[in-house]
Amino acid sequence: MRARHGLRVLSVYEGFFSGGARIVHSDVVRGLAEGGQSHQVLSIHGEVHREATRQRMEDDHCYRALTAGGVGVTSLGRSAGLVDGSLAANVFSGPELAETARSMAAAEVILSLKEQPLALLNQAGLPRRPVVACLHRSDPENQGPALDELKAAIAEGKVVACVCCAESTRAAYEAAGVPGEVLHVIPNGVDLLRFRPDAAARLAFRASLGIPAAAPVVVFAARYAPMKNVPLFLRAARAWLSRESEAHVLMCGAGMTDENPALRADIETAFGADRHLADRMRLLGVRGDMETVYAAADVVALTSVSGEAAPLCLIEGMMCGAVPVTTDVGDSASIVEGLGRVTPPDPAAIAYAWSAAAAGRAELAPDLDAARERFSRTRMIAAYATLLDEVYASHVAGQRVVAQHAVGDAVAPPAVPEGDAPQYALAGEPRLLQGPLLGEVLGLGVGLDPHHGGVGEEVADEL
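Going letter by letter, the sequence shown gives residues 27 to 489 in my numbering.
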């Protein structure tokens with residue numbers, strides 16, 4: 027299996043910010059690295075401001091998990107949603123392209139986390155590497171110019187495969203014009219050792235919030251974004267808290283704090299004269315211990331109306347013993363079939379379903395336990411490894427992919443096939459790449475230092 031022999035893979039992120047897609051992809055990268063592949067991550071942004079939250083790469087839980095696992099992470103240093111907005115999303119400077127070229131040259135296969143990074147990977151003059159786009163939504167038409175970037179990359183032969191985390195993703199992208207033969211479904215999975223029922227953690231976490239052990243608890247784990255339909259959730263919470271006098275609601279995710287004025291306004295609108303009911307609602311923000319939060323809950327709720335594919339919150343919550351209650355969006359209905367409830371986007375219906383789910387939690391526990399293997403992280407990572415092996419075998423093996431070699435390597439890189447010469451001309455010394463990678467970058471007058479940016483080195487920010 028190629029994964030045991032150090033397949034070199036670069037993942038390109040738009041940035042590090044709260045969201046299920048980045049959690050899943052980062053977990054996949056760590057798992058593949060643990061299995062023997064060599065993984066690096068390049069993030070376009072070093073800081074973003076989304077969901078009323080300033081999110082620095084170095085503070086992100088995924089970033090910390092990756093680096094702790096030995097995965098190197100570098101950034102082009104952009105700031106999105108902040109003061110710096112001098113460059114359009116699809117316009118990149120010479121130094122940014124030089125940094126990207128160095129990172130790509132060291133890889134054999136590229137993973138694009140969602141389609142947005144293709145605005146960078148589609149730039150002319152970068153090393154030619156097979157790209158696998160990892161798709162995590164069911165509304166490609168709402169991804170702005172990214173869908174066109176994806177189609178262009180497929181037409182040009184840059185993107186050779188797409189991973190869809192859900193059947194709804196595959197169907198939506200095929201309907202949007204993406205060829206069905208490049209779409210591969212690999213359902214999301216989670217770490218079953220981490221996400222599991224924990225009676226002690228359940229009691230301790232509830233006690234830390236002043237919530238009685240027997241009180242019904244609903245958790246809503248989502249970033250503050252329109253697709254999550256926070257107003258619908260809040261109207262359902264008002265209805266539920268008014269009928270369940272001992273109940274409590276937990277809200278987690280980016281923007282789910284009292285510091286978000288838009289959320290405060292939503293709460294005022296939803297609760298109106300019953301504002302006192304919101305006293306039993308906790309705004310917890312971004313958490314690094316979601317397994318504990320889920321274990322403390324009876325119900326994990328989702329009220330999205332669009333965009334979702336295979337919502338991670340439903341899977342993680344179920345694996346911790348919470349009963350899922352969701353609207354019918356993406357693959358949500360099939361994920362919770364036989365394990366939870368599907369509701370219309372109606373506050374009263376949702377509130378009723380929460381009560382029924384909380385009351386029936388004990389009866390559903392055996393079914394939730396029996397379903398665990400279906401949502402295994404191990405299964406998911408093995409499927410990614412198999413796909414990457416297939417991509418390597420069909421698009422890389424038998425062709426020379428030039429990588430930058432560290433000074434002092436005993437083995438010089440093999441010769442480049444004639445057909446690759448214009449793109450990957452190898453200079454007389456190891457690590458020197460010519461053509462579009464050495465000298466001028468896209469005619470912008472930016473030269474690459476041939477002794478800068480070897481594999482495994484930290485590259486100084488050039489912006």
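Cβ coordinates follow ideal geometry from the N, Cα and C atoms, glycine included.
Taking 6 Å as the limit between beta carbons, can you name the residues of its chain near residue i, skipping five residues before and five after?
{"i": "F43", "result": "V74, R76 and Q81"}
{"i": "A383", "result": "V325, V349, V351 and R367"}
{"i": "G347", "result": "P223"}
{"i": "R387", "result": "D324 and V349"}
What is the DSSP secondary structure of residue i, reduced to helix, strand or coil?
{"i": "V35", "result": "strand"}
{"i": "S332", "result": "coil"}
{"i": "H87", "result": "helix"}
{"i": "F246", "result": "strand"}
{"i": "H210", "result": "strand"}
{"i": "A227", "result": "helix"}
{"i": "L309", "result": "strand"}
{"i": "M277", "result": "strand"}
{"i": "I237", "result": "coil"}
{"i": "C339", "result": "helix"}
{"i": "L147", "result": "helix"}
{"i": "R82", "result": "strand"}
{"i": "L152", "result": "coil"}
{"i": "T404", "result": "helix"}
{"i": "S101", "result": "strand"}
{"i": "G421", "result": "Looking at the sequence provided, one finds His at residue 421 rather than Gly. Three-state result, H421: helix."}
{"i": "S119", "result": "coil"}
{"i": "T353", "result": "strand"}
{"i": "V437", "result": "Caution is warranted here: a pLDDT of 33 is assigned to V437, below 50, making its placement in the model unreliable, and no coordinate value can be reported."}
{"i": "L161", "result": "strand"}
{"i": "C191", "result": "coil"}
{"i": "L365", "result": "coil"}
Can you list, in chain order, the residues of its chain with a C-beta nearer than 7 Å to that of residue i? Leave out the 5 residues immediately preceding and following it.
{"i": "L229", "result": "A239"}
{"i": "N214", "result": "V50, C191, A336, L338, I341 and M406"}
{"i": "Q149", "result": "F118 and L123"}
{"i": "A202", "result": "P166, E167 and L173"}
Pick from the options: whose alpha carbon is nearest that of residue i?
{"i": "G333", "options": "P242, E167 and Y378", "result": "E167"}
{"i": "E200", "options": "L310, V362, C88 and S164", "result": "S164"}
{"i": "R398", "options": "A409, V256 and L218", "result": "L218"}
{"i": "R308", "options": "V185, L276, A327 and P223", "result": "L276"}
{"i": "V158", "options": "L146, V208 and A132", "result": "V208"}
{"i": "S330", "options": "C346, A262 and E389", "result": "A262"}
{"i": "Y320", "options": "A396, A226 and I293", "result": "A226"}
{"i": "A377", "options": "G120, L36, E60 and F259", "result": "F259"}
{"i": "E363", "options": "A291, P156, D393 and A388", "result": "D393"}
{"i": "Y39", "options": "G61, R220, R128 and Q142", "result": "Q142"}
{"i": "L303", "options": "V216, S268 and V185", "result": "S268"}
{"i": "Q169", "options": "R34, L144 and T404", "result": "L144"}
Just how far apart, CA to CA, sit residue i and residue j?
{"i": "N116", "j": "A179", "result": "14 Å"}
{"i": "V211", "j": "E193", "result": "6 Å"}
{"i": "A131", "j": "P153", "result": "6 Å"}
{"i": "P371", "j": "C278", "result": "20 Å"}
{"i": "F231", "j": "E270", "result": "21 Å"}
{"i": "T100", "j": "G32", "result": "20 Å"}
{"i": "L474", "j": "G120", "result": "Interpretation of L474 is limited by its pLDDT of 34, a score under 50 that renders its predicted location unreliable; the figure taken from the coordinates is listed afterwards. Rounded to whole angstroms, L474 to G120 spans 10 Å at the Cα level."}
{"i": "R400", "j": "A280", "result": "28 Å"}
{"i": "A385", "j": "A241", "result": "11 Å"}
Can you give me the Cβ contacts of residue i inside the same chain, cut-off strictly under 8 Å, excluding the 5 residues immediately before and after it?
{"i": "E285", "result": "A78"}
{"i": "P257", "result": "D292, T295 and A296"}
Report yes or no: do the segment 356-365 and the segment 242-252 share at least 3 C-beta pairs separated by less than 8 Å? no
Within the chosen definition, does the segment 85-101 reach the segment 56-70 through at least 3 CB pairs nearer than 8 Å? yes
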